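Going from the sequence shown to my numbering is simple: count from 1 and add 727.
A virtual CB, placed ideally from N, CA and C, is assigned to each residue, including glycine.
On a predicted model such as this, the values are computed, not experimentally measured, just so you know.
Below is one structure, written out as structure tokens, with a few remarks after it.
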Amino acid sequence: MRAPGDILLVSCYELGHAPLGIAWPLAFLNSDAASYISGECVAVDGGFLRMLLSKGYVPVISPVGIGEDGASLPLDADRVAAEIAVALNAAKLVYLTGKPGIVEQDELLAQLTSTTLEERLSKGVLDPHVDRKARCILRALAGGVDRVHVIDARS
């Protein structure tokens, strides 16, 4: 079984694109507009990413930021993905997970509206891992992303 990262890289090559790893935080964050609170990404430099995409590269981004003191901070990968999707005006955001998707009481919720997802969050019926991802999904949708898919990367 391949890891989600392996699947991404193989898919990039199969589609004729070169994956480009970006681990330097300032390579994808606008340092003038970026500040970090509790390891959360609050600004993304979409222009840099659009330039890479226009040249045929697929940025593979390490979710690392720089705090006000200059120290590296690990960022929430789901939140960074949502912020990048918003910055790029993406039509779709796809999360690969090690779970079947969004599950409530052992039932896969195959399709949800943002309103239904907000209701489930407010009721507290989602497990903490899904709860965090759901908040990132809602952020992406509120930021203009049309659709968000949560896909089980194990199958």
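Arg866 counts as buried, since no fewer than 16 other beta carbons sit within 10 angstroms of its beta carbon. Annotation for Pro855: no beta strand (DSSP E) segment contains it, though the alpha helix (DSSP H) segment containing it runs Pro855 to Ala869. For Ile811, the closest of Ile878, Ala880, Gly870 and Asp879 by C-alpha to C-alpha distance is Gly870.
Per the DSSP secondary-structure output, Gly792 pairs in a beta bridge with Leu800.
Here the alpha carbon of Lys782 sits roughly 33 Å from the alpha carbon of Gly828. Following the DSSP letters along the chain, one finds Arg777 inside the alpha helix (DSSP H) bounded by residues Gly773 to Ser781. Secondary structure note for Leu848: its alpha helix (DSSP H) is the uninterrupted segment Ser841 to Lys850. Within the same chain, and ignoring the five residues on either side of Val875 in sequence, the residues whose Cβ sits closer than 6 Å to its Cβ are Leu820, Ile864 and Ala867. Within the model, the alpha-carbon separation for Asp833 versus Lys860 is close to 17 Å.
Take Ser841, set aside five residues on each side of it, and the residues of its chain with a beta-carbon closer than 7 Å to its own are Leu865 and Leu868, in chain order.
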